[in-house]
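Structure record follows, encoded as structure tokens.
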Amino acid sequence: MGPMSEDNREVLLALDRLLHHLSEPLSPVDAAYGWHEVTRLRWLKWMRETRATASEGEVPRVDLWLALDHNSIHGGRYGLEAGQLTEAVHGAAMALSKWKERRRLQQLRSAFEAAKDLTDIAWLLKTEELFASTWRNPPGFTVETLGTPRITSEDGLHNQLMPFDRRFTEINVAVSAPGSESYERLTAVGFVGPPFSVTPAQAAEALPLYDRGWNTYDGGRFFFFYPLQPNGGGLCGIQLWADDKDVVRGRRDADLASVCHVVNFMFGSKIRLLRDGYSCA
Numbered sequence: 312m313g314p315m316s317e318d319n320r321e322v323l324l325a326l327d328r329l330l331h332h333l334s335e336p337l338s339p340v341d342a343a344y345g346w347h348e349v350t351r352l353r354w355l356k357w358m359r360e361t362r363a364t365a366s367e368g369e370v371p372r373v374d375l376w377l378a379l380d381h382n383s384i385h386g387g388r389y390g391l392e393a394g395q396l397t398e399a400v401h402g403a404a405m406a407l408s409k410w411k412e413r414r415r416l417q418q419l420r421s422a423f424e425a426a427k428d429l430t431d432i433a434w435l436l437k438t439e440e441l442f443a444s445t446w447r448n449p450p451g452f453t454v455e456t457l458g459t460p461r462i463t464s465e466d467g468l469h470n471q472l473m474p475f476d477r478r479f480t481e482i483n484v485a486v487s488a489p490g491s492e493s494y495e496r497l498t499a500v501g502f503v504g505p506p507f508s509v510t511p512a513q514a515a516e517a518l519p520l521y522d523r524g525w526n527t528y529d530g531g532r533f534f535f536f537y538p539l540q541p542n543g544g545g546l547c548g549i550q551l552w553a554d555d556k557d558v559v560r561g562r563r564d565a566d567l568a569s570v571c572h573v574v575n576f577m578f579g580s581k582i583r584l585l586r587d588g589y590s591c592a
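Structure (structure tokens):
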């Protein structure tokens, strides 16, 4: 096991404080808001096991806020007073949540770093897999793992990044607007090359469900691929764009050999066809 992270240390301190209070008799306040002696003893055993896991550098798979609700313990929320035991649970829950978020960010960053060594088409398919499984992450995860912020719109809904992966010249990240059902979720992540270059035929070998059409807004041709594992509100499509000069014309399916330097990963549950291609929301 390597050196202990600061997040890990904070979790261990928070769990030690919680174990201290679990070892003490219940306060009148905690007892009034749902704690019972049987519950205290059960939590004492559970948190000792949780701390043992954390001491090994592993993030415990526990949800303390959900456990409080399951045990009908409400102190410290809904305007109610909280005893020291309940406050200690909240502290441990916050420390664990922070550690989980940081670990997820590290894992996602490592995955994208490893993808830099893949061929362009292998990168596209690996990124489809990553976005399909991580779309619930806050947009900040995507920004931090893909590049350095270069331009941010005044409303904060669009970020242009300087990519870590040099096969791209820019990355554009769009998030949903305040007030929408999917607020603070990704709506699109666009990668712009060259040198990134794939053909729709390559993508169609792994993503057989697709549509295509002419971009009547600013030229070129689009190819919209449905993800392998669609999920409501998650990754809903991968769209390739080919400039007019890169479109192969001829008999049927000749355009599948067109060279595409731009790919968009789109998120949402509703798909719309616009003049320049598909949009998800």
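Basically our numbering = 1-based index in the sequence shown + 311. All C-beta atoms in this analysis are idealised placements derived from N, C-alpha and C, irrespective of residue type, glycine included. Since the model is a prediction, treat every value here as computed from it, not as a measurement.
- For Asp-554, which residues of its own chain have a beta-carbon under 6 Å away from its beta-carbon, when the five flanking residues on both sides are left out? The beta carbon of Asp-554 sits closer than 6 Å to those of Gly-531, all from its chain and outside the five residues before and after it, given in chain order.
- Item | Expected contact under 8 Å - CB spacing of Cys-571 and Pro-519 to nearest Å | No, Cys-571 and Pro-519 are not in contact; Cβ-Cβ is about 17 Å, not under 8 Å.
- Task: With a 10 Å radius around its C-beta and 16 neighbouring C-beta atoms as the bar for buried, classify Met-577 as buried or exposed.
- Result: Label assigned to Met-577: buried.
- Message: Assuming Gly-524 and Tyr-537 are in contact, meaning their beta carbons sit under 8 Å apart, how far apart are those beta carbons, in whole angstroms?
- Response: The C-beta distance from Gly-524 to Tyr-537 rounds to 15 Å, too long to meet the 8 Å contact threshold.
- Message: Restricting to Cα atoms, I'd like to know which of Ala-325, Thr-527 and Thr-438 is closest to Val-400.
- Response: Comparing Cα positions, the closest option is Ala-325.
- Query: Got a sec, what are the start and stop residues for the alpha helix (DSSP H) Asn-319 sits in?
  - Reply: For Asn-319, the uninterrupted alpha helix (DSSP H) segment begins and ends at 317-333.
- Grab me the residues of Leu-436's own chain with a C-beta within less than 7 Å of its C-beta, minus the 5 sequence neighbours each way, in chain order. Ala-517.
- Measuring CB to CB, does Val-486 end up less than 9 Å from His-469? Contact: yes.
- Cβ separation of Phe-533 and Gln-550, assumed to be a contact under 8 Å, to the nearest whole Å: With a contact defined as Cβ atoms closer than 8 Å, Phe-533 and Gln-550 qualify at about 6 Å.
- Using a Cβ-Cβ cut-off of 6 Å (strictly less than) and excluding sequence neighbours within five positions of Gly-458, which residues of its own chain qualify? Same-chain partners within the cutoff: Leu-472, Met-473, Pro-474, Phe-475 and Ile-482.
- Item | Spatial neighbours of Asp-587 in its chain, beta-carbon cut-off 6 Å, leaving aside the 5 residues before and after | Once the five neighbours on either side are set aside, the close Cβ partners of Asp-587 are Asn-526 and Tyr-528.
- Go to Asp-522, then tell me how far its beta strand (DSSP E) extends in each direction, as first and last residue. Start and end: 521-525.
- Alpha carbon to alpha carbon, how far is His-332 from Ser-338? Their backbone Cα atoms lie some 10 Å apart in a straight line.
- Of the residues Pro-371, Tyr-589, Trp-357 and Arg-583, which one's Cα is nearest the Cα of Met-405? Per the Cα distances, Pro-371.
- Excluding sequence positions up to five away, which residues of its chain have a Cβ less than 6 Å from the Cβ of Phe-442? Excluding sequence neighbours, Phe-442 sits near Leu-546 and Phe-576.
- Query: Taking just the CA atoms, how far does Ser-408 sit from Ala-425?
  - Reply: Straight-line Cα distance between these residues: approximately 26 Å.
- Message: Would Val-503 and Phe-535 qualify as a contact pair, given that the criterion is a beta-carbon distance under 9 Å?
- Response: Their beta carbons are not under 9 Å apart, which means Val-503 does not touch Phe-535 by this criterion.
- Query: Got a sec? Which residues, its chain only, sit under 8 Å from Thr-350 by beta carbon, not counting five neighbours each side?
  - Reply: Cβ neighbours of Thr-350 beyond the five flanking positions: Asn-382 and Ile-384.
- Alpha carbon to alpha carbon, how far is Val-574 from Val-509? Give it in angstroms, no decimals. Their backbone Cα atoms lie some 9 Å apart in a straight line.
- Message: Classify Ser-590: buried if its beta carbon has 16 or more other beta carbons within 10 angstroms, exposed otherwise.
- Response: Around the beta-carbon of Ser-590, 16 or more other beta-carbon atoms lie within 10 Å, marking it buried.
- Among Glu-335, Ser-421, Trp-410 and Leu-355, which has the Cα closest to the Cα of Glu-321? Looking at the Cα atoms, Trp-410 is the closest of the given residues.
- Item | Secondary structure, alpha helix (DSSP H): runs of 4+ residues fully inside the segment 328-370 | Entirely contained in the segment 328-370, the alpha helix (DSSP H) runs reaching 4 residues are, in chain order, 339-343 and 348-366.
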